[in-house]
Every structure is written in C-alpha cells, then in structure tokens.
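Working notes, structure below.
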Amino acid sequence: MGNGYNNNSVVCFGEILWDVLPTERKPGGAPMNVAYHLHKLGINSSIISAIGNDKPGADLIDFLGSIGLSANFVQVTEAQATSEVLARINDNHEVSYEIVYPVAWDKLGWYKEYETLVKNSGAFVFGSLGSRDAVSRKTLFKMLDYASYRVFDVNLRAPHYTTELITALLERSNLVKLNMGELMMIASWYNADCDTEAEAIATLFGRFSISEVLITKGSKGASYYTASYRYDYPAYSINVADTIGSGDAFLAAFLAMKLRNESMETTLDYAVAMGAFITSQSGACPAYSVFDFDRFIWQKKYTEKRNYRSGSLLAG
Numbered sequence: 366m367g368n369g370y371n372n373n374s375v376v377c378f379g380e381i382l383w384d385v386l387p388t389e390r391k392p393g394g395a396p397m398n399v400a401y402h403l404h405k406l407g408i409n410s411s412i413i414s415a416i417g418n419d420k421p422g423a424d425l426i427d428f429l430g431s432i433g434l435s436a437n438f439v440q441v442t443e444a445q446a447t448s449e450v451l452a453r454i455n456d457n458h459e460v461s462y463e464i465v466y467p468v469a470w471d472k473l474g475w476y477k478e479y480e481t482l483v484k485n486s487g488a489f490v491f492g493s494l495g496s497r498d499a500v501s502r503k504t505l506f507k508m509l510d511y512a513s514y515r516v517f518d519v520n521l522r523a524p525h526y527t528t529e530l531i532t533a534l535l536e537r538s539n540l541v542k543l544n545m546g547e548l549m550m551i552a553s554w555y556n557a558d559c560d561t562e563a564e565a566i567a568t569l570f571g572r573f574s575i576s577e578v579l580i581t582k583g584s585k586g587a588s589y590y591t592a593s594y595r596y597d598y599p600a601y602s603i604n605v606a607d608t609i610g611s612g613d614a615f616l617a618a619f620l621a622m623k624l625r626n627e628s629m630e631t632t633l634d635y636a637v638a639m640g641a642f643i644t645s646q647s648g649a650c651p652a653y654s655v656f657d658f659d660r661f662i663w664q665k666k667y668t669e670k671r672n673y674r675s676g677s678l679l680a681g
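To convert, note that position 194 of the sequence shown is 559 in the working numbering; the numbers rise steadily by one, no gaps.
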C-alpha cells in the first residue's frame with residue numbers, strides 16, 4: 366500500500382441489492398456486505414453503487430442509514446430497477462442465486478468526487494459481478510487507476526463473467542480473495558495441467574503481478590499466500606445457519622486487521638472467526654456488536670485448540 370492515504374478508510378464498489386430468501390428479504394451484495402462489516406469493526410467504509418427510483422431502493426437507503434453507512438455515493442437511476450436476487454438454500458446450507466440483468470448497479474457512472482475518495486482510501490474493494498456491464502466496468506477501471514491498494518473479491522456467478530473480464534481484473538489487483546473452486550477454475554484457464562492448490566497459486570503469481578492471495582476453504586479454514594510465504598488457519602466449529610455473506614465478512618475482518626498492521630496470525634484468526642460468526646446466523650448482515658463477536662471468539666478459544674501453520678514457499 367502506498368503512502369498518503371487514510372489507513373482507516375475503505376471504499377467498496379459494486380452491487381447493492383435485496384437477497385430474497387424463502388421467508389423474508391435481507392439487504393446484501395458483496396461490496397455492501399464488506400462495507401457493513403468494516404463499519405461494524407470500526408473502519409470508515411464507503412459504498413459506491415446504484416439503486417432504482419423505487420420502493421426497494423428507498424428501503425436500501427433506509428437500511429444504510431439505520432446502520433450508520435453513508436448513501437452519499439449511491440446513485441439513483443430512473444432507467445433501471447433496484448436489484449433483487451432470489452436466493453435458494455439447499456439441505457447442506459449452500460446458497461444459489463438467480464441474478465437479474467440489467468439492474469441499477471450495472472449502469473454506474475463516473476463522478477469527479479470518486480477520484481479523491483478512492484485516492485484517499487487505504488483499500489479499494491471490487492468484484493467481478495459488479496463490473497459485468499460495460500458502463501459500470503468503464504467506471505471501475507477508471508477508479509482502479511486511482512487506487513493505492515486494489516482488493517479483488519472474486520465472485521464467479523455464471524453467466525455473469527468472462528475469462529477476459531477476470532483476466533483484466535486480476536491484472537489490476539494487489540490482493541485477490543477467492544474460494545478453492547474459483548482458484549482452481551481460474552488457474553486452469555492459464556495452465557491446463559494445474560491440479561493442486563500449490564500449482565494453482567504458482568500459476569497466479571507467475572501470470573500476474575499480484576502481491577497476495579487469500580483463499581476461503583469453508584470448514585477447512587483459510588490460507589494466505591504471498592509469492593514466497595503461506596499461512597494456513599483452521600476453521601471454527603459452528604452450527605451453520607446459512608453461508609450467505611460469510612466470505613464477505615471474512616474479507617472485512619481481514620482488511621480491518623491488516624489496515625491496523627496486526628500480525629498475519631492475528632489477522633487470519635480474526636477473519637476466520639468472523640466468517641464462522643456470520644455463518645452461524647441468518648443473512649449476510651445480521652445485527653451484532655463488536656462485543657457479541659468478541660464473546661464468540663472468547664467462547665471458541667476456550668473450547669477449541671487453535672493451531673495455524675506457516676511456511677516459506679522458497680526452496681531452502
């Protein structure tokens with residue numbers, strides 16, 4: 366990360382929407398989820414997105430206000446509706462989504478004030494879904510020119526991405542966060558013989574100028590890589606409510622600790638704990654306090670033995 370920015374500030378770009386669940390609807394969208402949890406953890410977060418001039422959009426603005434997140438950078442469009450996504454949860458608590466196109470956040474335009482906002486941030490978080498349309502993609506790429514620390518939160522939702530789009534985003538990324546399935550799929554695009562996690566990681570670092578890769582592994586925890594080092598951290602055992610937004614919460618906690626210059630052991634522990642904490646509740650943005658989260662960690666550390674692994678990737 367460069368100098369001259371606010372370490373305690375993160376800008377999140379992309380989708381803001383309603384997750385329509387079988388019995389209720391809840392606010393969501395990966396960038397908004399990340400901004401929500403960063404705000405909960407004391408980080409100054411901003412969301413750049415768009416809603417339609419409609420009741421669902423007004424309700425999202427009300428939600429942002431209720432949790433203390435600014436809607437100053439949420440555009441309102443007459444041409445497109447606010448995004449609503451049908452979320453289905455199977456018997457294994459896994460979630461699938463039916464995502465409509467186009468919606469308001471597909472048509473995000475550029476405003477001059479974005480330049481200063483992004484330049485002054487400690488991290489700029491973006492995803493693949495929020496740049497599926499050429500209009501929002503053009504705006505995103507312009508923002509990336511001003512970002513000091515570019516965090517790509519991969520979100521492969523077929524058919525809303527192309528190999529060319531993901532490649533272009535990877536070429537502009539410092540930190541890439543993705544799950545194991547996404548890692549292996551993306552690596553196979555550039556190396557057909559890629560069969561293992563180690564080979565996939567080597568492929569990404571060999572093909573792109575990425576500084577860090579962060580992998581979520583569900584019940585197996587998470588791993589963090591640089592070109593020369595790795596950390597592995599186990600998952601916390603929990604009763605799963607649903608997995609909606611757990612990866613977003615994980616990323617938010619990781620960034621919160623990283624921007625505070627915590628050790629990687631502390632950072633990964635905190636991130637894995639946050640992912641588990643949110644997975645044990647319903648929805649991507651449940652109401653909670655930092656005390657609730659800290660109590661969850663204390664209880665887990667009391668009942669579980671925590672062990673992380675680390676090691677150099679360089680030949681000895």
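Using N, Cα and C, we set each Cβ at its ideal position, and we do this for glycine too. On a predicted model such as this, the values are computed, not experimentally measured, just so you know.
CA-to-CA, the gap between F506 and E669 works out to about 44 Å.
Boundaries of the alpha helix (DSSP H) harbouring T504: 499 to 509, taken from the DSSP string. Rounded to the nearest whole angstrom, the CA to CA distance from F615 to G393 is 15 Å.
In the DSSP assignment, E577 falls within the unbroken beta strand (DSSP E) covering 577 to 581.
Q440 is bridged by DSSP to A415.
Look at N398 here: in three-state DSSP terms it is helix. With 16 or more neighbouring CB atoms inside 10 Å of its own CB, Y596 falls in the buried class. With respect to the 8 Å criterion, N604 and S645 are classified as neighbours on the basis of their beta carbons. Along the stretch 557 to 609, the alpha helix (DSSP H) occurs as fully enclosed runs of 4 or more residues at 562 to 572, listed in sequence order.
Residue environment analysis places R674 among the exposed positions, since fewer than 16 neighbouring C-beta atoms fall within 10 angstroms of its C-beta.
By the criterion of a C-beta distance shorter than 6 Å, M549 is surrounded in its chain by A565, once the five residues flanking it on both sides are discounted. Cβ-Cβ distances below 8 Å link N398 to G610, D613, A614, A617, A649, C650 in the same chain, with the five nearest sequence neighbours on each side left out; the list follows chain order.
The stretch 432 to 449 makes contact with the stretch 382 to 392, as at least three CB pairs between them are under 8 Å.
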